[in-house]
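There are 2 protein chains.
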Amino acid sequence: MASSKQKGGKGLVQVFTGNGKGKTTAALGTILRAAGHGLRIFIVFFLKGDYTYGEYDSLTKLPNVTLVSFGLRRLINRDNVDPEDIKQAKLALETAREAALNGKYDLVVLDEVNVAIEFGLIELDDVVELVKQKPGKVELILTGRYADDRLIEMADLVTEMVNIKHPFEKGISARKGIEY
Amino acid sequence: MASSKQKGGKGLVQVFTGNGKGKTTAALGTILRAAGHGLRIFIVFFLKGDYTYGEYDSLTKLPNVTLVSFGLRRLINRDNVDPEDIKQAKLALETAREAALNGKYDLVVLDEVNVAIEFGLIELDDVVELVKQKPGKVELILTGRYADDRLIEMADLVTEMVNIKHPFEKGISARKGIEY
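Sequences listed follow chains A and B, in order.
With numbering that gives the first Met the number 0, the residue at position 177 of the first sequence is 176, and numbering never jumps.
With numbering that gives the first Met the number 0, the residue at position 64 of the second sequence is 63, and numbering never jumps.
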C-alpha cells in the first residue's frame with residue numbers, strides 16, 4: 000500500500016466477486032485491518048439503502064473510516080428499474096470518484112458496484128474510467144457479483160467467492176448480526 | 000444467530016476456505032458486523048504468532064471482542080514440524096473449545112484451523128468433536144485453506160475463495176495494512 004507509511008508501494012485494484020458469501024464481508028475485514036495501520040478509508044455502499052446494518056455501528060468506531068450509503072431501502076427489480084435507483088447509484092459513483100481522486104483517502108471501497116453495473120444503474124465505462132484515473136497510491140476495492148470482464152482485466156487482485164453450501168438452501172433465513 | 004437478541008435462531012458452522020484472498024478477511028468482516036449488533040465474539044488465531052497485525056488494533060476497539068493468538072512468529076515447515084508448533088496449535092484448539100462451550104460467546108472464530116489440521120499440528124477428529132459439541136446457539140467460523148471434507152460436510156455455510164488473479168504472481172510483495 001502506497002500510503003506515506005510505505006515507500007515504493009502501490010495502491011492496487013481488488014475485486015471480490017462470485018455467488019458466495021464473503022464479498023462485502025472481506026471488504027469490511029480489509030477496512031478493519033487497514034484502519035489498524037492508520038490508513039484513511041472511504042467506503043461507499045451502492046445498494047444498501049439507509050437501513051442500519053451492524054457494520055455501520057462498528058465502522059464508525061474505527062479511526063479514519065468514512066462511510067456513505069446510497070440506494071433505497073428495498074430490493075431492486077432489475078427488469079423494471081426505478082429512476083430513483085439510477086439516481087442513487089449515479090450519486091454513489093460520483094461520491095466514490097471524488098473520494099478516490101481527492102487525495103484524502105488511501106483505501107476506497109465501492110461496495111456492490113458490480114451489481115449496480117449489471118443492473119444498468121450506472122455505466123461500466125464510467126467505472127472503468129474511475130479505475131484508470133485513480134492516483135497510483137490509492138487502493139480500490141470493487142465488490143459484488145457479476146464483475147465485468149473489463150474490470151477483472153484491469154484489476155490486480157481478483158477473488159471469486161464460490162458458494163459451496165449455503166444455509167438459505169436449507170430454508171434458514173438471513174440472521175441479524177451475521178448476514179446483515 | 001441464536002443470541003438472546005433473536006429468538007428461534009441457530010448458530011451455524013461457517014467455513015471459509017480456498018486458495019484465494021479473503022478467508023481471514025471475511026471472518027474479520029463478520030466480526031465487525033456482529034460486534035455492531037452487540038454479539039459477544041471470541042477469535043483464536045491458530046497460526047499468526049505474536050506479530051502485531053493491523054487487525055489486532057482494530058479488533059480491540061470493537062466492543063465485546065476477545066482475541067487470542069497462538070503460533071510462533073515464523074513460517075511453519077510442514078515437512079519438518081517443530082514440537083513447539085504442535086504445542087501452540089493444541090493450546091489454540093483448547094482455548095477455542097473452552098470459548099465455544101462456556102456459554103460466554105455468541106460467535107467463535109477459529110482462524111487458520113484448517114491449515115493447522117492439514118499440517119498435522121492438531122487432529123481432525125478433535126475439531127470434528129468440537130463442532131459436534133458446540134451449543135446450538137453458538138456460531139462457529141473455521142477459516143483456512145485445505146478445509147477437510149468432513150468439516151465441509153458438517154458445516155452449514157461453506158464459501159471457497161478462488162484466486163482468479165493475485166498480485167504476488169506479478170512480483171508484488173505483501174503490503175502492510177492490506178495483507179497483514
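All C-beta atoms in this analysis are idealised placements derived from N, C-alpha and C, irrespective of residue type, glycine included.
All of these numbers come straight from a predicted model, not from anything done at the bench.
Which residues DSSP lists as bridging residue i, in chain order
i	result
residue 138/A	106/A
residue 13/B	140/B, 156/B
residue 94/B	Paired residue(s): none; residue 94/B is not in a bridge.
residue 80/B	Answer is none; residue 80/B lacks a bridge partner.
residue 161/B	159/A
residue 66/B	42/B
Rounded Cβ spacing between residue i and residue j (contact assumed at less than 8 Å)
i	j	result
residue 123/A	residue 84/A	About 17 Å; that fails the 8 Å criterion.
residue 95/B	residue 109/B	5 Å
residue 57/A	residue 31/B	4 Å
residue 9/B	residue 135/B	6 Å
residue 16/A	residue 159/A	6 Å
Residue i to residue j span [Cα, whole Å]
i	j	result
residue 43/B	residue 66/B	6 Å
residue 90/B	residue 157/A	35 Å
residue 12/A	residue 39/B	34 Å
residue 101/A	residue 140/A	17 Å
residue 152/A	residue 34/A	28 Å
residue 1/A	residue 138/A	Confidence in residue 1/A is poor, its pLDDT being 37 and thus under 50, which makes the residue's placement too unreliable to answer from.
residue 22/B	residue 143/B	6 Å
residue 76/B	residue 114/B	12 Å
residue 116/B	residue 130/B	14 Å
residue 54/A	residue 27/A	8 Å
residue 5/A	residue 176/B	Bear in mind that a pLDDT of 41 at residue 5/A, under 50, signals an unreliable position, so the number given afterwards is only what the model happens to contain. Between residue 5/A and residue 176/B, the C-alpha separation is close to 10 Å.
residue 103/B	residue 36/B	16 Å
residue 47/B	residue 80/B	16 Å
residue 29/B	residue 24/A	6 Å
residue 7/B	residue 127/A	Summary for residue 7/B: the model assigns pLDDT 41, below 50, so the residue's position carries little reliability; its value from the coordinates is reported in the next sentence. Cα to Cα, the separation comes out at about 45 Å.
residue 61/A	residue 61/B	8 Å
residue 161/B	residue 107/A	23 Å
residue 14/B	residue 149/B	12 Å
residue 92/A	residue 78/A	21 Å
residue 70/A	residue 82/A	11 Å
residue 99/A	residue 73/A	28 Å
residue 3/A	residue 63/A	Unreliable positioning characterises residue 3/A in this predicted model, as indicated by a pLDDT of 39, which lies under 50. A coordinate reading is not provided.
residue 52/A	residue 45/A	14 Å
residue 145/A	residue 163/A	18 Å
residue 154/B	residue 41/B	19 Å
residue 125/A	residue 165/B	24 Å
residue 132/A	residue 147/A	18 Å
residue 118/A	residue 18/B	30 Å
residue 105/A	residue 59/B	22 Å
residue 97/A	residue 86/B	51 Å
Taking only beta carbons into account, state which residues of the region 147 to 161 of chain B come closer than 8 Å to chain A, listed in chain order. 151, 154, 155, 156, 157, 158, 159, 160, 161
If the cut-off is 7 Å on Cβ atoms, which residues from the region 113 to 137 of chain B count as contacting chain A, listed in chain order? none
Mind pulling the alpha helix (DSSP H) runs of 4 or more residues that sit fully within the region 22 to 50 of chain A? 22 to 35
Identify each residue in the region 20 to 35 of chain B for which the Cβ-Cβ distance to at least one residue of chain A is less than 9 Å, and report them in chain order. 20, 21, 22, 23, 24, 25, 26, 27, 28, 29, 30, 31, 32, 33, 34, 35
Along the region 63 to 79 of chain A, what residues have a CB closer than 7 Å to any CB found in chain B? none
Interfacial residues, the region 87 to 110 of chain B to chain A, with Cβ spacing under 9 Å: 105, 106
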